[in-house]
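Chains as they are written, first to last, in the numbering used here: chain A, 4 to 357; chain B, 4 to 357. Even glycine gets a Cβ: it sits at the ideal position worked out from N, Cα and C. Treat the numbers as computed from the prediction; the structure is a model and nothing was measured.
There are 2 protein chains.
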Amino acid sequence: MKLATYKDGSRDGQLVVVSRDLSTAHYATGIAHRLQQVLDDWNFFAPQLQDLSSALNSGKARHAFPFDPAMCMAPLPRAFQRVEGQAWLHHAALLGDTPDAGVPDDLRAAPTMHQGGSDDLLGPCDPVVLPDETTGIDFGAGIAVITGDVAMGATPEQALDGIRLVMLSNGIVLREPARAGQARGSDHVQSRPATAFSPVAVTPDELGEAWAGGRAHLTVQCHWNSKRFGLCDAGADMHFHFGQLMAHLCRTRRVRAGTIVNAGPVGNAPVTGDDGRRSWPKGCACIAEKRAIETLLDGQPSTGFMRFGDTVRIESRGRDGHSVFGAIDQLIRSDRPEPPAPEPVAEDEALQQA
Amino acid sequence: MKLATYKDGSRDGQLVVVSRDLSTAHYATGIAHRLQQVLDDWNFFAPQLQDLSSALNSGKARHAFPFDPAMCMAPLPRAFQRVEGQAWLHHAALLGDTPDAGVPDDLRAAPTMHQGGSDDLLGPCDPVVLPDETTGIDFGAGIAVITGDVAMGATPEQALDGIRLVMLSNGIVLREPARAGQARGSDHVQSRPATAFSPVAVTPDELGEAWAGGRAHLTVQCHWNSKRFGLCDAGADMHFHFGQLMAHLCRTRRVRAGTIVNAGPVGNAPVTGDDGRRSWPKGCACIAEKRAIETLLDGQPSTGFMRFGDTVRIESRGRDGHSVFGAIDQLIRSDRPEPPAPEPVAEDEALQQA
C-alpha cells in the first residue's frame with residue numbers, strides 16, 4: 004500500500020491511503036489519524052489500511068478524491084529518530100580525501116552514519132527556506148525507510164524485517180558549514196537543514212521485484228531547474244543495504260518505531276572507456292559529486308551550487324512508467340520577505356524627470 | 004511547576020504534575036495526557052497545569068497521590084529532536100588533543116554540537132542495558148532543556164525565551180566505540196546508547212535565582228556505586244549558556260517544539276595550589292574526565308570504567324536541601340538473561356564424588 008499525510012494545519016497532518024497509480028486518495032480517519040500511530044501498532048493497523056488500499060485500487064472506496072502531492076506533508080512529518088548512512092561508496096569516495104583512488108577499504112568495512120534532525124521534515128513541494136544563498140546549497144537524492152521496533156543487536160536480516168515503508172528523500176546539505184563542521188569534529192547541525200520526502204511512502208511489496216536484498220533497484224531521476232542532472236541507479240552500487248545500515252545503528256541500542264533511515268545521495272561507479280578515461284554516464288544525485296568529478300577530470304569544478312529561485316525535482320518511475328513515490332519538487336528561497344517591487348513611476352513624472 | 008510522565012505501558016506514558024517538594028503528584032488527565040501535547044500548544048496548556056500545580060502545592064488537589072520516581076519514564080519519553088552541545092569547555096579541553104594546554108580558542112569561539120538519538124529516552128530508574136561491559140562504559144551528568152518552537156536565526160536571547168523545561172540528564176557514552184567513531188568522522192551512533200533523564204522536568208521559574216543568564220547555577224552530585232564522584236558546579240564554568248547553544252542549532256533551520264538540548268557533562272576549572280600543582284576539588288561528572296586528570300597528573304589513568312552491576316546516581320539539591328529534579332539512579336546491566344544459578348549438588352552425590 005501507499006500512504007501519505009495531508010496538510011490540515013496541525014503538526015502531524017492527516018493520514019491518507021493513496022492508490023497505486025497516485026491518482027486517487029482516501030482519508031484513513033476511520034482507522035488512524037497519524038502515521039506514527041500506525042507505526043506504533045503496525046500489526047493492528049496495517050491490515051485495515053491494506054483493506055482500504057485494495058478498495059481504493061479497485062475503484063470501490065466510497066469517499067476517494069483526486070490525490071494532490073502539493074497537499075502533502077512528509078509521510079512522517081516529524082519523527083522520533085532519523086539517521087543518515089553512507090551506502091553508496093563511490094559517492095563517499097569522490098567526496099573523500101583521495102577521490103582519485105577509488106573506494107578505500109575502511110569505507111567498505113562498516114557504514115558511516117550520523118544522527119539527523121527530525122523535528123521538522125518537509126513535504127515534497129515545501130520550499131527550502133534558508134538564510135543565505137552563498138553557503139554552497141546542495142540537494143541530495145536518496146532512498147529512505149521508516150522502521151518499526153528493532154531489537155538491540157539485530158542482524159542485518161532481522162533488521163530488514165523491521166522495514167515498514169520506503170520513500171524518496173532530498174537531503175539538503177550546505178557545503179560551506181559542512182566543511183567548517185567537519186573541521187570541528189563533524190558538527191552537522193548547521194549544514195543539514197530540514198530534509199524533504201516524497202509525497203507517498205510505500206510498503207516494500209509495492210516495489211515488486213525492484214525491492215531485493217534490502218535495496219530499491221530503481222532509477223532515481225534528478226532535475227535541477229528542469230534540466231536533467233542524474234538518472235542514477237539506486238540498486239547496483241548500494242554497498243550497504245538497509246538491513247546492514249540498521250544493524251549498524253542498533254549495535255548498542257534498540258531502535259524504536261518511526262525511525263527514519265536515510266541513505267544517500269545515490270552515487271554510481273564510473274565507466275572506463277577504451278581510452279582509459281573515466282566517465283559517469285548516469286550523472287549525479289548531488290552537486291558536490293559532480294564538482295568532485297569535474298575537479299578530477301578538469302582540475303577544477305565548473306558547476307556552481309544552488310541559488311535562491313532554483314528548483315530541484317526528484318522522482319522514480321517503475322517499469323510501467325508510473326511514478327512510484329510521486330515527485331519531490333522544491334524551490335530554494337530566502338527566509339526574508341521579498342523586497343517590495345519598485346513603485347511604478349507615473350508617466351508624467353517620468354516625463355518631468357527626463 | 005514540575006512535570007513528570009508516569010509509566011502506563013504505552014510509549015508516551017501519562018503526564019503528571021508533581022509538588023515542589025516531590026512528595027505528591029496528580030494526573031494531568033483532565034488537561035493533557037502527554038507532555039508533547041503540552042509542548043505543541045504551551046500557551047494553552049501551561050496555565051491550566053500551573054493551576055493544578057498551585058492546588059497540589061497548597062495541599063488542595065483532590066486526587067493527589069504519593070510521588071514515586073521509580074514509576075517515571077523520562078519526562079519526554081521520546082522526542083522529535085535531541086542535540087548534545089559542548090558547554091563546559093574545561094571538560095572538553097581535558098578530553099581533547101592537548102589536555103595540558105587549557106581551553107583552546109577554537110572551543111571558545113562556537114559550541115560543538117551533534118544530533119543525538121531521541122526515539123528511546125530512559126526514565127530515571129530504568130536500567131542501562133548494554134551488550135558488552137568492556138566497551139568503556141561511562142556516565143555523563145548534565146543539564147538539559149526542552150524547548151518550544153524557535154525561529155531560524157534566533158539570537159541567544161530570543162532562543163532563551165523558547166526554553167520550557169529544565170532537567171538533569173545522564174548521557175551514557177561508550178568510550179571505545181566513541182574513539183573508533185571519532186576516527187571515522189564522528190560516527191556517534193554506536194557510542195551513545197539511550198540517554199536518561201531526571202524524574203521531573205521543571206519550568207525555569209522553579210529554580211528561582213539559580214536560573215540566571217541561561218544557566219542553572221546548581222551543584223550536580225554524582226555517585227558511582229554509592230561513592231561520591233563529583234559535586235560539580237553547573238553554573239560558573241558553563242561557557243555557552245543554553246540560549247547560545249540553541250542559537251547555534253537554529254542558525255540555518257527552525258527548531259520545533261519538543262526539542263531536547265543536552266549540555267554536558269558538567270566540568271569545572273582546576274584550582275592551582277601554592278605549589279603550582281593543579282587539582283580538581285569538585286570531582287568529575289564523568290569517568291573519562293577523571294581518567295584524563297589522572298593521566299595529566301600521574302602519567303596514566305588509575306580509574307576503570309563501569310561494569311555490569313554498577314550503579315550511578317545523579318541529583319541536584321536546592322538551597323533548601325530539597326532535591327530539585329529528583330534523582331537519576333541507574334543500574335548498568337547486560338542485555339543477556341542472567342545465567343541460571345548452578346544446580347545445588349545433592350549431599351549424597353557430593354559424597355559419592357568425593
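Which same chain residues end up closer than 7 Å to residue i when comparing Cβ atoms and leaving out the 5 residues on each side of it in sequence?
i, result
"A/H29", "V19, V20, L55, L59, A64, H66, A67"
"B/L42", "I149, G151, R167, A260, G261"
"B/M74", "Y9, K10"
"A/G276", "S282"
"B/L92", "V106, L110, R111, H242"
"A/H36", "Q17, L18"
In angstroms, rounded to a whole number, what distance separates the CA positions of residue i and residue j?
i, j, result
"A/F232", "A/R339", "29 Å"
"A/P312", "A/D100", "Sequence inspection shows Gly at residue 312 of chain A; the Pro mentioned does not correspond to that position. C-alpha separation (whole angstroms): 32 Å."
"B/V119", "B/V192", "The amino acid at residue 119 of chain B is misidentified as Val; the sequence shows Gly. Their backbone Cα atoms lie some 8 Å apart in a straight line."
"A/A113", "A/G62", "46 Å"
"B/P329", "B/L300", "This sequence places Gly at residue 329 of chain B; Pro is not what is there. Computed Cα separation, rounded: 35 Å."
"A/D240", "B/D141", "38 Å"
"B/M4", "B/V153", "22 Å"
"B/T222", "B/P130", "24 Å"
"B/R81", "B/G12", "14 Å"
"A/R320", "A/P127", "16 Å"
"B/L79", "B/D44", "15 Å"
"A/S326", "A/L124", "22 Å"
"A/T314", "A/I335", "6 Å"
"A/I263", "A/Q84", "6 Å"
"A/D190", "A/R14", "27 Å"
"B/Q51", "A/Q39", "27 Å"
"A/V205", "A/N173", "17 Å"
"B/M170", "B/M76", "13 Å"
Give the single residue among the options whose Cα lies nearest to the Cα of residue i.
i, options, result
"B/H251", "B/V86, B/T222, B/L124, B/D135", "B/V86"
"B/I146", "B/W45, B/D44, B/A288", "B/A288"
"B/G16", "B/D164, B/P202, B/I335", "B/P202"
"B/G33", "B/A49, B/L25, B/S13", "B/A49"
"A/G143", "A/V269, A/R187, A/H93, A/A82", "A/V269"
"A/N265", "A/D164, A/T222, A/I175, A/R37", "A/I175"
"B/G302", "B/Q247, B/P69, B/P102, B/T198", "B/P102"
"B/L248", "B/Q53, B/L163, B/Q51, B/D71", "B/L163"
"B/G216", "B/A197, B/H242, B/A204", "B/H242"
"A/G267", "A/V258, A/K285, A/F245", "A/F245"
"B/L6", "B/Q53, B/D44, B/N46", "B/Q53"
"B/K293", "B/H36, B/S326, B/I335, B/L97", "B/L97"
"B/D236", "B/A272, B/A204, B/H36", "B/A272"
"B/R280", "B/I290, B/A291, B/I296", "B/I296"
"B/R23", "B/S57, B/F47, B/N46", "B/S57"
"A/D122", "A/D323, A/R322, A/G211, A/A199", "A/A199"
What does a CB cutoff of less than 6 Å around residue i pick up in its chain, not counting 5 residues either side in sequence?
i, result
"A/E136", "R310, F311"
"A/Q224", "L234, E318"
"B/H220", "A213, G238"
"B/S229", "none"
"A/S305", "E297"
State the beta-bridge partners of residue i as determined by DSSP.
i, result
"A/I146", "A/L171, A/A266"
"B/C235", "B/V223"
"B/T8", "B/L18"
"A/M241", "A/W91"
"A/V132", "A/R336"
"A/R218", "A/A215"
"B/M116", "B/G88"
"B/D141", "B/V176"
"A/H36", "According to DSSP, which records beta bridges pairwise, A/H36 is partnered with nothing at all."
"A/V205", "A/K5, A/V169"
"B/T198", "Partner(s): none; B/T198 has no beta bridge."
"B/V192", "DSSP, once it has assigned bridges, lists no residue as partnering B/V192."
Report all residues from its chain with a CB closer than 8 Å to the CB of residue i; omit the five preceding and five following residues, and keep chain order.
i, result
"A/A95", "Q89, V106, L110, T115, G270"
"A/A357", "For A/A357, the predicted structure reports a pLDDT of 48, less than 50, and the residue's modelled location is therefore unreliable. The matter cannot be settled from this model."
"B/G156", "C253, R254"
"B/P69", "S26, T27, A28"
"B/L177", "L133, T138, G139, I140, D141, Q193, S194, R195, P196"
"B/E346", "none"
Subject >> Any alpha helix (DSSP H) of 4 or more consecutive residues that is wholly inside the segment 38–90 of chain A >> reply: Counting only runs of 4 or more, we get 38–43, 45–60.
Subject >> Length at least 3, wholly inside the segment 266–328 of chain B: the beta strand (DSSP E) runs in chain order >> reply: Counting whole runs of 3 or more residues, the segment 266–328 of chain B contains the beta strand (DSSP E) stretches 314–318.
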